[in-house]
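K.L.:
Sharing a structure with you now.
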Amino acid sequence: MFSKLLRGQIPMKRVIGLVLLLVITTFSFLPTSEALAVDIYRGVDKRPNNKVKLNASQFQFTGQQEPRTLSTFNNLGLATGYKPCGYMFTVQNIEHNGNPLPEGQDPQAGDNGQVHIQITQDKEALYTATFDNAPPGHWGITHPDNVTDGEAKQAVSKHAKANPGNVRGDNCIAPDPVPLPLPNN
Numbered sequence: 000m001f002s003k004l005l006r007g008q009i010p011m012k013r014v015i016g017l018v019l020l021l022v023i024t025t026f027s028f029l030p031t032s033e034a035l036a037v038d039i040y041r042g043v044d045k046r047p048n049n050k051v052k053l054n055a056s057q058f059q060f061t062g063q064q065e066p067r068t069l070s071t072f073n074n075l076g077l078a079t080g081y082k083p084c085g086y087m088f089t090v091q092n093i094e095h096n097g098n099p100l101p102e103g104q105d106p107q108a109g110d111n112g113q114v115h116i117q118i119t120q121d122k123e124a125l126y127t128a129t130f131d132n133a134p135p136g137h138w139g140i141t142h143p144d145n146v147t148d149g150e151a152k153q154a155v156s157k158h159a160k161a162n163p164g165n166v167r168g169d170n171c172i173a174p175d176p177v178p179l180p181l182p183n184n
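Oh and the sequence shown: position 42 is 41 in numbering that gives the first Met the number 0, straight run, nothing missing.
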């Protein structure tokens, strides 16, 4: 084939196409380093009809010192120990000692990442989730500095209502979605 290429018997378009195919198929099989993401769960209540409550009272930021946190666990069973259902958040971009958590390594106490909370249809806020493992499996979500506890729980509630597909648990029915507010113009 190479000799035919040199003599001009194979069209250049075909050669370029074959080279692109080779490159695309080669790179699709190379291992990639994806940022670790961990699902965490907040225990939430349900109504007698099994529909989950996602109102602001389900997302209280608590603690005796600042910053107060929204208590979550990396295991649905732990999150629903006192509540019948769970709401799932995903922690992304987890860091250990300021560096991305190595692939295959479990988070350790002190590691933190980001939880994206939609505020409006085109705006989101980054909340920080820190793995303190006290009690075991515990993650605390803190809200941005310029947001009060009340504003934070309202924002998380609106986010949860707009994303009811994250409801977890036996006999836990997700409520109908409530669209996020339109962007502020």
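Just so you know, even glycine gets a beta-carbon here, dropped at the ideal spot from N, CA and C.
State the Cα-Cα distance for the pair L125 and A173, rounded to the nearest angstrom.
P.N.:
Residue 125 sits at position 126 when you count from the first residue of the sequence shown. Residue 173 sits at position 174 when you count from the first residue of the sequence shown. Near 24 Å, if we compare the C-alpha coordinates of A173 and L125.
K.L.:
Exposed or buried, R167, counting other C-beta atoms within 10 Å across all chains shown (16 or more means buried)?
P.N.:
Walking along the sequence shown from the start, residue 167 turns up at place 168. Buried is the call here.
K.L.:
Between the C-alpha atoms of A55 and Q104, what's the straight-line distance to the nearest angstrom?
P.N.:
Here residue 55 corresponds to residue number 56 of the sequence shown, with the count starting at 1. Here residue 104 corresponds to residue number 105 of the sequence shown, with the count starting at 1. Going by the C-alpha atoms only, they are around 34 Å apart.
K.L.:
Contact defined as beta carbons within less than 8 Å: I believe R138 pairs with A151. What is the distance between those atoms, to the nearest angstrom?
P.N.:
Here residue 138 refers to the residue found at position 139 of the sequence shown. Here residue 151 refers to the residue found at position 152 of the sequence shown. Inspection of the sequence shows that residue 138 is occupied by Trp rather than by Arg. Going by Cβ atoms, the distance from W138 to A151 rounds to 16 Å, so no, they are not a contact pair.
K.L.:
Which same chain residues, not among the five before or five after T201, have their C-beta less than 7 Å away from its C-beta?
P.N.:
Because the chain in this structure spans residues 0 to 184, residue 201 falls outside the shown range and cannot be described.
K.L.:
Measuring CB to CB, does V90 end up less than 7 Å from C171?
P.N.:
Here the question's residue 90 lines up with position 91 in the sequence shown. Here the question's residue 171 lines up with position 172 in the sequence shown. Their beta carbons are not under 7 Å apart, which means V90 does not touch C171 by this criterion.
K.L.:
For Q113, write down the residues that DSSP places opposite it in a beta bridge.
P.N.:
Residue 113 sits at position 114 when you count from the first residue of the sequence shown. In the DSSP output, where bridge partners are listed per residue, Q113 has Q91 and T127.
K.L.:
Considering only their Cβ atoms, is the gap separating I116 from L35 smaller than 7 Å?
P.N.:
Working through the sequence shown from its first residue, we reach residue 35 at position 36. Working through the sequence shown from its first residue, we reach residue 116 at position 117. No, the Cβ-Cβ distance between L35 and I116 is not below 7 Å.
K.L.:
May I ask which residues mark the beginning and end of the beta strand (DSSP E) holding S70?
P.N.:
On the sequence shown, residue 70 is found 71 positions in, with the first residue counted as 1. Note, S70: beta strand (DSSP E), L69 to F72.
K.L.:
Straight-line CA distance for G16 to P182?
P.N.:
For this step, residue 16 is matched to residue 17 along the sequence shown. For this step, residue 182 is matched to residue 183 along the sequence shown. Because the pLDDT of G16 is 48, which lies under 50, any placement of that residue in the model is unreliable, and the number read from its coordinates should be weighed accordingly. It is roughly 44 Å from the alpha-carbon of G16 to the alpha-carbon of P182.
K.L.:
Since L53 and T119 should fall inside the 8 Å C-beta cutoff, what is the C-beta to C-beta distance between them, to a whole number of angstroms?
P.N.:
To locate residue 53, count along the sequence shown from 1; it is residue 54. To locate residue 119, count along the sequence shown from 1; it is residue 120. Actually they do not touch by this definition, with Cβ atoms about 18 Å apart.
K.L.:
Should P176 be labelled buried (16 or more other beta-carbon atoms within 10 Å of its own) or exposed?
P.N.:
Here residue 176 refers to the residue found at position 177 when the sequence shown is read from its first residue. Classification of P176: exposed, given that the 10 Å Cβ count is below 16.
K.L.:
By the DSSP assignment, the alpha helix (DSSP H) with G149 in it spans what residues?
P.N.:
For this step, residue 149 is matched to residue 150 along the sequence shown. G149 -> alpha helix (DSSP H) spans D148 to A161.
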